[in-house]
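Protein sequences, first through last, are from chains A and B. For any residue, its number in our numbering is found by taking its place in the first sequence, counting from 1, and adding 62. For any residue, its number in our numbering is found by taking its place in the second sequence, counting from 1, and adding 62. All C-beta atoms in this analysis are idealised placements derived from N, C-alpha and C, irrespective of residue type, glycine included.
There are 2 protein chains.
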Amino acid sequence: MAGTVTVPGSSVPLTPLLKDELDIVIPTIRNLDFLEMWRPFFQPYHLIIVQDGDPSKVIKVPEGFDYELYNRNDINRILGPKASCISFKDSACRCFGYMVSKKKYVFTIDDDCFVAKDPSGKDINALEQHIKNLLSPSTPFFFNTLYDPYREGADFVRGYPFSLREGAPTAVSHGLWLNIPDYDAPTQMVKPRERNSRYVDAVLTIPKGTLFPMCGMNLAFDRQLIGPAMYFGLMGDGQPIGRYDDMWAGWCVKVICDHLSLGVKTGLPYLWHSKASNPFVNLKKEYKGIFWQEDIIPFFQSATLSKECDTVQKCYISLSEQVREKLGKIDPYFVKLADAMVTWIEAWDELNPSAAATAPSDAAAENGKVAAK
Amino acid sequence: MAGTVTVPGSSVPLTPLLKDELDIVIPTIRNLDFLEMWRPFFQPYHLIIVQDGDPSKVIKVPEGFDYELYNRNDINRILGPKASCISFKDSACRCFGYMVSKKKYVFTIDDDCFVAKDPSGKDINALEQHIKNLLSPSTPFFFNTLYDPYREGADFVRGYPFSLREGAPTAVSHGLWLNIPDYDAPTQMVKPRERNSRYVDAVLTIPKGTLFPMCGMNLAFDRQLIGPAMYFGLMGDGQPIGRYDDMWAGWCVKVICDHLSLGVKTGLPYLWHSKASNPFVNLKKEYKGIFWQEDIIPFFQSATLSKECDTVQKCYISLSEQVREKLGKIDPYFVKLADAMVTWIEAWDELNPSAAATAPSDAAAENGKVAAK
Chain A
63 MAGTVTVPGS SVPLTPLLKD ELDIVIPTIR NLDFLEMWRP FFQPYHLIIV
113 QDGDPSKVIK VPEGFDYELY NRNDINRILG PKASCISFKD SACRCFGYMV
163 SKKKYVFTID DDCFVAKDPS GKDINALEQH IKNLLSPSTP FFFNTLYDPY
213 REGADFVRGY PFSLREGAPT AVSHGLWLNI PDYDAPTQMV KPRERNSRYV
263 DAVLTIPKGT LFPMCGMNLA FDRQLIGPAM YFGLMGDGQP IGRYDDMWAG
313 WCVKVICDHL SLGVKTGLPY LWHSKASNPF VNLKKEYKGI FWQEDIIPFF
363 QSATLSKECD TVQKCYISLS EQVREKLGKI DPYFVKLADA MVTWIEAWDE
413 LNPSAAATAP SDAAAENGKV AAK
Chain B
63 MAGTVTVPGS SVPLTPLLKD ELDIVIPTIR NLDFLEMWRP FFQPYHLIIV
113 QDGDPSKVIK VPEGFDYELY NRNDINRILG PKASCISFKD SACRCFGYMV
163 SKKKYVFTID DDCFVAKDPS GKDINALEQH IKNLLSPSTP FFFNTLYDPY
213 REGADFVRGY PFSLREGAPT AVSHGLWLNI PDYDAPTQMV KPRERNSRYV
263 DAVLTIPKGT LFPMCGMNLA FDRQLIGPAM YFGLMGDGQP IGRYDDMWAG
313 WCVKVICDHL SLGVKTGLPY LWHSKASNPF VNLKKEYKGI FWQEDIIPFF
363 QSATLSKECD TVQKCYISLS EQVREKLGKI DPYFVKLADA MVTWIEAWDE
413 LNPSAAATAP SDAAAENGKV AAK
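Here's what the structure looks like:
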C-alpha cells in the first residue's frame, strides 16, 4: 500500500501538497495504532518517530507508512554530549525530530489525537489545512476583523492599510482540539467534564507584540523560517517541571517571529483529542511552572532583540543570554536551560550545516521594512 | 404595543437585559421601516434617532417604539456654536446620539442592517450578544487560543497566566456582518459579487497594542468607560473625506482602551447587511483617506499617553494635541479635526456634567496594575 496516493471517498488531493517537503514528527512511548485513522491523509508523507523512554521497547508502526524511528540510544549516538539538550521521558523529545528532518516543513502531532469531523460531518484533513495556513501570508501588523483575508470568500475590510496587504511570511500554524481541551491541571480538576464542542471556522494571525500559549499537540511550522527556535526545552526526567515544553517554545518563537516580521497563525485545523491526561500527575509536573510563568511571561513581553540579530540562530542565542541573566535569578533551572538553548543551536547547526549560514528570506526582510514604517 | 416585553416564539428573555441602561442610536435619512424586523429585540429599549440631512423632512418611525429624534436644527439648538463638531450629511452625525444619551450603554446600528440567522436557522438577537460581550471581561494582555474564555464551554487554556484570568472591563463590542462585507471602494470594485456567508462562532479580544478597523454598522460600547472617545470626526458636507468616521473613532478608542487597560472585543454578533453602497461614490469619499491612513495608522501605533491621562477626556485631549502637531503636517484638515476633537469633549462635558469629573472605574485602575506587572 505504500506510495498509494488517491484514496477513494476521501478528500485527499490527487497529489498531496508538499509531499516531498514536509515531515510528520511524532513523539511516542507506544505502538502507533492511531496512525490507522490518519492513513488517508498521512500515508503519502514521511514520518519521523521519536521514541521516548525505554529504548529496548519495540514500537510497532502500522504497515505502509514510510518512517524513520529514533530512540534514546540513537539520539545519544547522533548528538554525543550534545544529547543533553534533548529531554528524556517527556514528549519534549519531539524536537529532536525537528532537528534531524531535512525538509522545509514539519507537522507534529500527539499519538492520542485522531481525525475530527467538521460541522458537515466530513473528516478534517488537518495536515492539508496546516499546509494552506503555512503557504498563505499572515497579517501580524494590523487586525482584520473578517479573520484570514486570504481565504476564499474573505478579504481585507475597509480601513485596512493597503501597504500591509501583502502580509508577512507565515512561520507557524497552530491548530486546535475538539473533545478534550488543552487545559492545565487546576482547570482540569475544576471542570473534569468539560469538552470542547465548538467548531470555530476561522484562522487568524496572532498580532505582533502579543504572546500566546502554543500547544504542541497539533502544530506545523516552516523549518527554514523558524526551525532553530522550536526547541522544547528541558522537561521530564531529572527536571523540575514538565508540560511547559511547547509553552517555552511558543514564547521564544513568538518573540523571534515578531522581531523578524514573520507570522504565527492559530485556529483551524481541529483534530480530535481523545484522552485527558491525569490531572494529579499533571499538577505535579506543572506546579513550578504555574508560579514561574508569572515571571516568564513579563520577561518575554519585554525581551528585545538587537538589529544584529538577523537570523533565527542569532536571535535564539541572544534570548538564551537574557534567560540566563534575568530568569536565572528565579531558579538555577533557568541557567541550565540557557545552557541547553546554546547546545541546541550548536547541535542544530551541526546537523543542518547549510542552514546555519542562511539569513532570513528576502520576503521576510522586505516585509520588515513595511512593518517598521 | 409599547411596553410589550414577551414576544411569542422569539428568543427575547422575559426581562430584556439592561432594558433601562441602554440606548439604541440610529443615524438615518429615511423612514425607519427596517425596525419592523428588529421589533422583537429592540422594542423594549429606548431609541435615539439622529436625522441626517434636510431637517424639514419627516422621518416615520414604526408604531410602538419609544424614541427621541434629533434633526440638524435640534443639534444646532442644543450645542450652539459647538454644533460645528457634529458632521452633516454623513452618518458620522450618529455620535451626537452618544452624547445626549443618559444611559451607561449604547448600541448603534445602520438602517440597512437586518436580523441575520445563525447556522441553525434561528434569528440572531444581536443586541443580546453585544450585552453579553460588554458584561463579561476582556483578555487584552495575553491571547487565549480557545477565544472567549468566559463563554460557556470554554476557559483559559494551559499556559495562560493565572494572574490575568480576571481579565479587564470590556469597553467595546464590535459585531460583524453577513451578506455584504464592509469593504472599501477598491475592494468593492474588484469583487462586486463577494458576499460574506461564513459564520464564525467566536468572540475575541483584540490584544493590547494592536489596532483594528472599527466599523460603526453594528457596534456597542460602555459610555461610562469609553464614551467621550467615541467621536466620529468631521466627515461629509464640507469635509475632504467620508467613510472614515468609524475608523477614526476606532483608532482613538483602541489607543485609549490600551492605555486605561480596557478591553475591545470583536466577532459575534452578526447582522444581515442588506445593500452594498455605491463603490464609485465611496471611492470619491474615501480616496484621500486611502492615502492618509498610511500615515495615520503608524501615528496611532506610536501615540503615547502619559500617566497624568487618567480619564478618557484627558486621554482624548492629549490625542488631539498629537493629531494637531503630527498629522497637521499632512493636511490642514487634521488641524480642523484636532479643534473639533476639543470641541467634542467640551460639548460632552457640558451635556454630561457628572461624568466629566469621574475617574475610570476602580476595576479598570486595579486591572492596570496587573497589566503593568
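**Prompt:** For PRO106(B), which option in GLY115(B), GLY298(B), VAL120(B), GLU125(B) has the closest C-alpha, if you only look at C-alpha atoms?
**Reply:** GLU125(B)
**Item:** CB of LEU399(A) within 8 Å of CB of LEU296(A), strictly
**Value:** yes
**Asked** Are ASP263(A) and ARG260(B) closer than 8 Å when you measure CB to CB?
**Response** yes
**Item:** DSSP state of CYS175(B) mapped onto helix, strand, coil
**Value:** strand
**Prompt:** Do you know offhand how far GLU453(A)'s Cα is from TYR332(A)'s?
**Reply:** One cannot answer for residue 453(A) here, as it falls past the ends of chain A, which runs 63 to 435.
**Message:** Please identify, using Cβ separations under 9 Å, the residues of the region 262-288 of chain B that lie next to chain A, in order along the chain.
**Reply:** VAL262, ASP263, ALA264, LEU266, ILE268, PRO269, LYS270, GLY271, THR272, LEU273, PHE274, PRO275, MET276, CYS277
**Item:** Per-residue DSSP class, three states only, for PRO89(A)
**Value:** strand
**Which listed residue (VAL168(B), MET403(B), ARG305(B)) has its alpha carbon closest to that of VAL343(B)** = ARG305(B)
**Prompt:** Distance, Cα to Cα, GLN375(A) vs ALA291(A)?
**Reply:** 7 Å
**Asked** Can you give the Cα-Cα distance for ILE171(B) and GLY159(B), rounded to whole angstroms?
**Response** 12 Å
**Request:** Using DSSP bridges, identify the partner residues of HIS335(B).
**Result:** CYS175(B), ASN241(B)
**Request:** Using alpha carbons as the reference points, say which of TRP354(A), GLN301(A), CYS319(A), ILE359(A) lies closest to ALA402(A).
**Result:** GLN301(A)
**Asked** Considering only C-alpha positions, which residue in the set ILE358(A), LEU109(A), LEU226(A), LEU413(A) is nearest to PHE396(A)?
**Response** ILE358(A)
**Prompt:** Does the region 191-203 of chain A touch the region 315-326 of chain B, meaning 3 or more C-beta pairs lie closer than 8 Å?
**Reply:** no
**The beta strand (DSSP E) enclosing ILE392(A), as first and last residue numbers** = That residue, ILE392(A), is in no beta strand (DSSP E); it is neither H nor E in DSSP.
**Buried versus exposed call for GLY142(B) [16 or more other C-beta atoms within 10 Å across all chains shown]** = exposed
**Prompt:** Under 8 Å between C-beta atoms, does LEU77(A) make it to chain B?
**Reply:** The residue asked about is misnamed: residue 77(A) is Thr in this sequence, not Leu. No, THR77(A) does not count as interfacial toward chain B.
**Message:** By the three-class DSSP mapping on this structure, what secondary structure does GLU130(B) have?
**Reply:** strand
**Message:** Cβ closer than 8 Å: which chain B residues qualify as neighbours of MET309(A)?
**Reply:** ARG220, GLY221
**Asked** Among the residues of its own chain, which have a CB less than 6 Å from the CB of PRO89(A), if the five just before and after it don't count?
**Response** VAL112, ASP114, SER153, CYS155, ARG156
**Asked** Roughly how many whole angstroms lie between the Cα atoms of CYS319(A) and ALA233(A)?
**Response** 8 Å
**Request:** Please classify GLY325(A): does DSSP put it in a helix, a strand, or coil?
**Result:** strand
**Request:** With 8 Å as the threshold, decide whether the Cβ of LEU240(B) is near any Cβ in chain A.
**Result:** no
**Prompt:** Hey, is GLY215(B)'s beta-carbon within less than 8 Å of any beta-carbon in chain A?
**Reply:** yes
**alpha helix (DSSP H) segment containing ILE148(B), residue limits** = Where ILE148(B) is concerned, there is no enclosing alpha helix (DSSP H), given that its DSSP letter is neither H nor E.
**Message:** Let me see if you follow: with CB-CB separation under 8 Å, is GLU236(B) close to chain A or not?
**Reply:** Sequence inspection shows His at residue 236(B); the Glu mentioned does not correspond to that position. At least one chain A Cβ lies under 8 Å of HIS236(B).
**Request:** Could you confirm whether any beta carbon from chain B is found closer than 8 Å to the beta carbon of ARG260(A)?
**Result:** yes
**Request:** Please name the residue or residues paired with THR77(B) in a DSSP beta bridge.
**Result:** BP columns for THR77(B) are empty, so no partner.
**Asked** Grouping DSSP H, G and I as helix and E and B as strand, with all else coil, what is HIS283(B)?
**Response** The displayed chain sequence assigns Phe, not His, to residue 283(B). Of the three classes helix, strand and coil, the one that applies to PHE283(B) here is strand, per DSSP.
**Item:** Cα-Cα separation between ALA433(A) and PRO269(A), rounded to whole angstroms
**Value:** Confidence at ALA433(A) is low in this model, with a pLDDT of 40, below 50, so its placement is unreliable and the value that follows should be read with caution. Near 12 Å, if we compare the C-alpha coordinates of PRO269(A) and ALA433(A).
**Request:** Would you identify the three-state DSSP class for ASP185(A), choosing helix, strand or coil?
**Result:** strand
**Request:** Using DSSP bridges, identify the partner residues of THR170(A).
**Result:** VAL87(A), LEU281(A)
**Request:** For the region 237-257 of chain B and the region 217-233 of chain A, state whether three or more C-beta atom pairs, one from each stretch, are separated by less than 8 Å.
**Result:** yes
**Item:** Where the alpha helix (DSSP H) containing VAL374(A) begins and where it ends
**Value:** 374-384
**Prompt:** With 16 as the cutoff for other CB atoms within 10 Å, does ARG139(B) come out buried or exposed?
**Reply:** exposed
**Item:** 6 Å CB neighbourhood of ILE303(A) in its chain, flanking five on each side removed
**Value:** LYS350, GLY351
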